[in-house]
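Undergrad: Protein chains in written order, with the working numbering: chain A, 4 to 120; chain B, 253 to 365.
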Amino acid sequence: SAVISQKPSRDICQRGTSLTIQCQVDSQVTMMFWYRQQPGQSLTLIATANQGSEATYESGFVIDKFPISRPNLTFSTLTVSNMSPEDSSIYLCSVAPGGGAVYNEQFFGPGTRLTVL
Amino acid sequence: DAKTTQPPSMDCAEGRAANLPCNHSTISGNEYVYWYRQIHSQGPQYIIHGLKNNETNEMASLIITEDRKSSTLILPHATLRDTAVYYCIVGPRLNSGNTPLVFGKGTRLSVIA
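Below you can see the structure in the form of structure tokens.
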């Protein structure tokens, strides 16, 4: 299994500022995923982060707004840039096991609850 | 886009079995059915998955129809702590590590005392 921690757990920010969310995994993983969950909604995939290469973004999400770093196999950051109240959401980090893993499960962090005023 | 259809909400009496249906009529031959749940303000939690056979673990049972176009998650003795949003997800084998789960709207299960 994989245990995922995120920092911060929650934050309240002013519009126009940026926030960087950290995701730490207790084991090495190839792919890390970032999701957004707007209030009362389901999870939406933002991007897939592969170590050593540029992140791949889903439709509607762009690198300038949500830059992602993936410096090693256990860590990633997501930055929410130039924030507006519409960015108020829970942001979740997730990982899936690499090839050959026995288990067939995707793991999620506890989420970062962001409120933008 | 999500490939599943679930009722938006269900109620269940505490101690009774909760049966949560899911339609996935466009599932392909190599796709699995995964069930996750999300208790308020927490990250999604894995429950169970299956390909074509029925599955059971300590949390739940998964019944998949023979044509694989629908499935039912069964919580045999629901408790108040099972109140959550339950997501039925269709997707490839996850231990390739490359393809993330795509979430639909899920079913909000309320367990009532």
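We put the CB at the ideal spot given by N, CA and C, even for glycine.
(1) Rounded to whole angstroms, what is the Cα-Cα separation between D263 of chain B and V363 of chain B?
(2) With respect to the beta strand (DSSP E) encompassing K10 of chain A, which residues constitute its N-terminal and C-terminal limits?
(3) Which partner residues of V262 of chain B appear in the DSSP bridge assignment?
(4) Is there a C-beta anywhere in chain B that falls below 7 Å from the one on Q109 of chain A?
(5) Just mark N261 of chain B as buried or exposed, buried being the case when its beta carbon has 16 or more other beta carbons within 10 Å.
(6) For chain B, find out if any of its Cβ atoms is closer than 7 Å to the Cβ of L81 of chain A; answer yes or no.
(7) With 16 as the cutoff for other CB atoms within 10 Å, does T256 of chain B come out buried or exposed?
(8) When you check each C-beta in the segment 299–313 of chain B against every C-beta of chain A, which residues fall closer than 9 Å?
(9) Mark V98 of chain A as exposed unless 16 or more other C-beta atoms lie within 10 angstroms of its C-beta, in which case mark it buried.
(10) What residues are listed by DSSP as bridge partners for G43 of chain A?
(11) Under 7 Å Cβ-Cβ, which residues of chain A neighbour L346 of chain B?
(12) Rounded C-beta distance between Y94 of chain A and I7 of chain A? I'm assuming under 8 Å.
(13) According to DSSP, is L120 of chain A part of a helix, a strand, or is it coil?
(14) Among residues of its own chain, excluding the 5 on either side of A68 of chain A, which ones have a beta-carbon nearer than 8 Å to its beta-carbon?
(15) Quick check on the burial criterion: 16 or more other C-beta atoms within 10 angstroms. Buried or exposed for R18 of chain A?
(16) Mark V65 of chain A as exposed unless 16 or more other C-beta atoms lie within 10 angstroms of its C-beta, in which case mark it buried.
(17) Could you say which of B:R345, B:T317, B:Q294, B:L346 lies nearest to Y338 of chain B if we only look at CA atoms?
(18) Is DSSP giving L95 of chain A helix, strand or coil here?
(19) When you compare the CB of L327 of chain B with every CB in chain A, is at least one pair closer than 7 Å?
(20) Since S92 of chain A and Q40 of chain A should fall inside the 8 Å C-beta cutoff, what is the C-beta to C-beta distance between them, to a whole number of angstroms?
(21) Tell me the DSSP bridge mates of I299 of chain B?
TA: Looking at the atomic coordinates:
(1) 6 Å
(2) 7–10
(3) The amino acid at residue 262 of chain B is misidentified as Val; the sequence shows Met. Paired residue(s): B:L361.
(4) yes
(5) The residue you asked about is not Asn; residue 261 of chain B is Ser in the sequence shown. So S261 of chain B counts as exposed.
(6) no
(7) buried
(8) H301
(9) buried
(10) Bridge partners of G43 of chain A: none, in fact.
(11) A99, P100, N107, E108, Q109
(12) Wrong, their Cβ atoms sit about 12 Å apart, outside the cutoff.
(13) coil
(14) Note that residue 68 of chain A is Lys in the sequence shown here, rather than Ala. Answer for K68 of chain A: V83, S84, N85, listed in chain order.
(15) exposed
(16) exposed
(17) B:Q294
(18) strand
(19) no
(20) 6 Å
(21) According to DSSP, I299 of chain B bridges with nothing at all.
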